[in-house]
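Numbering (the numbering used here), first residue to last: 100 to 525. The structure appears right after this line, and notes come after that.
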Amino acid sequence: MLIGNFVVPSITDRYGRKAALISSSIPAIVGWFVIALAVNAEMLILARFLQGVSIGFTLPLRSVVIAEYASPKYRGGFLTTISLAQGVGIFLIHLIGSLISWQRTSVVCGVLGFLGLVSTFYLPESPSWLAVRGKYEECRKAFRWIRGDDEEKELEELIQSRIKFKEELNNKGPQVNRLRMIKTVMYKKEFYKPIILITHCYVMIQVCGNATMPAFSVQILSTMMGPKANAHAWMVILDSLRIVANITAMFIINRFKRRTILFATGGLCTLVHISIAGYVYAKTKNLLIYDAQWISGSLVILQFICIGLGMIPMPTVIAGEVIPLQFRSIISSVCSVVLAIFMFAVLKTFPLLFDSIYLYGTYAVYSSVLTYVLVVLWILLPETSGKTLEQIEIELKGKDFRNEDLEAKVSLKSEHAEENGNSTTR
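What follows is the structure, encoded as structure tokens:
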């Protein structure tokens, strides 16, 4: 995974988003067919290595590509399909794997991946990347192919912002101290603030139960419900609930503000964690006056509803919206590395926490981390709903955004571009 995280920025920046998408698909497809043909453990390890590289490519790429292609009106809904696709994929693998052998399941997955790869060849290149490379006419063509002719203001805003950035870069001259430039970039709000925001969002993903419940469902559910609890049946129920919640999130994402959804589901999920910790503690100490499986079952169901509605979709939405175009590839990769590290840390420390402070202590720790993350996001996270990526970038720089000012600014830039003609856009 880390190899993919480190390699994908150079491919994304140099060859484009489309090339990176194609590159991310090939190792996964090969990995599935290697699994199908595996005759020893070494082949399985090789297959998992290839798929890990593919995941490392995909993690920083998915939110970036969707955010650049989608209109601000529909961007949130499209970004929530990331978590929906994950939920549907997990559910289908569990379903297909229960009906046919794991070798045939791998073939099915490989064929689905190949169909996805073929469809990628018909996509136009990202207009944002074309603008960065100075290919403004191709940018206009790709943008209109994706969005139509109704969002010309955003198109000109994108192009003119890149022209202005290149002019400022040229004015600094070729003799720029590289170390000084790196230091200057690191102190820019639009560089470090998205890293802080996305890193905290990714921590939230790991401690909300999304990683621990599937991996340690037997330990968690048997502790809460008793040794007779059917963990596998419960996971099918929870997977189904997550899909329903993800679909619901697609419809509510454009009806409510991003911050409203994030803090409503995040606050509720934190309360559920505290409730689970209190319930398990009381059950362990024989303090419950009344106990039944529906109590623990309701808590777990409520936890997964929160996960599907906001705890998983919203971090992917935020990751796709708050990264400035100038740093999009590198920040996405850095944050994906952080995600991989925290995923590893949570999965490896859960058994230790479970053995030392038991399940109630573990959930108490997770609820404390969730509270901390929500406080940080409450302070730093801007509202991004309905805004273009350029508008969000302006806010991250610490500038007040006013719609009438931006419209005037874009209008002046468009007039300037028309006066200069094609010579300016080349």
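Glycine included, each C-beta is placed from N, C-alpha and C at the ideal position. Quick caveat, the model's predicted, so the values are computed rather than measured.
Per the C-alpha coordinates, the member of S395, C208, M324, L480 positioned closest to I128 is C208. For A184, the number of other beta carbons within 10 angstroms of its own is below 16, and it is reported as exposed.
Rounded to the nearest whole angstrom, the C-alpha separation of V472 and V302 is 8 angstroms. In this model, F355 and S316 are separated by some 33 angstroms (Cα to Cα).
Taking a cut-off of 8 angstroms for Cβ pairs, the region 411-431 and the region 165-181 touch, as three or more such pairs fall below it. In the three-state DSSP reduction, I352 falls in the coil class, being neither helix nor strand. Rounded to the nearest angstrom, the gap between the Cα atoms of T487 and A118 is 25 angstroms.
Between the beta-carbon of F156 and that of S122 there is about 6 angstroms, and that keeps the pair under the 8 angstroms contact cut.
Distances from the alpha-carbon of S227 to those of S218, L136, Q259, G215 put Q259 closest. The shortest C-alpha to C-alpha distance from T311 to any of L149, I154, L458, G115 is the one to L458. Distance between I360 and V468, taken at the CA atoms: about 19 angstroms. Residue P223 holds the alpha-carbon nearest to the alpha-carbon of C238 among I195, I400, P223. With respect to the C-alpha of L452, the residue from V445, T461, A444, L446 having the closest C-alpha is T461. Listed in chain order, the non-local C-beta contacts of S466 below 7 angstroms within the same chain comprise T369, H372, I373, A376, local neighbours out to five positions each way being set aside. Per DSSP, N385 is not a residue of any alpha helix (DSSP H), being assigned neither H nor E. Setting aside the 5 residues that flank it on each side, L101 is surrounded in the same chain by G155, V436, A439, each with a C-beta closer than 8 angstroms to its C-beta; the list follows chain order. Rounded to whole angstroms, the Cβ separation of S432 and F105 is 7 angstroms, and the two are in contact under 8 angstroms. Across the set A137, T448, E251, the C-alpha of T448 shows the shortest separation from the C-alpha of V464. Three or more pairs of CB atoms, one per stretch, sit closer than 8 angstroms, so the region 336-347 contacts the region 401-416. When DSSP states are grouped into helix, strand and coil, F403 belongs to the helix group. Every candidate beta strand (DSSP E) stretch fails here, since none sits fully inside the region 409-457 while reaching 3 residues. Per the Cβ contact rule, the region 319-338 is in contact with the region 176-195 (3 or more Cβ pairs under 8 angstroms). The alpha helix (DSSP H) runs lying completely inside the region 103-127 and spanning 4 residues or more number zero. Assignment of N309 by DSSP, reduced to helix, strand and coil, places it in the coil class.
Counting C-beta pairs with one atom in each stretch, the region 476-490 and the region 247-263 have three or more that are closer than 8 angstroms, which means they touch. In this structure, DSSP gives K252 a helical state, which the three-state scheme calls helix. Residue range 235-246 is occupied by the alpha helix (DSSP H) that includes R246.
For the options V445, E141, K287, the alpha carbon positioned closest to that of A314 is the one of V445. Where R147 is concerned, the enclosing alpha helix (DSSP H) starts and stops at 140-168. For the 8 angstroms CB-CB criterion, T179 and N385 do not form a contact. When the beta-carbon positions are compared, S225 and R116 come within less than 8 angstroms of each other.
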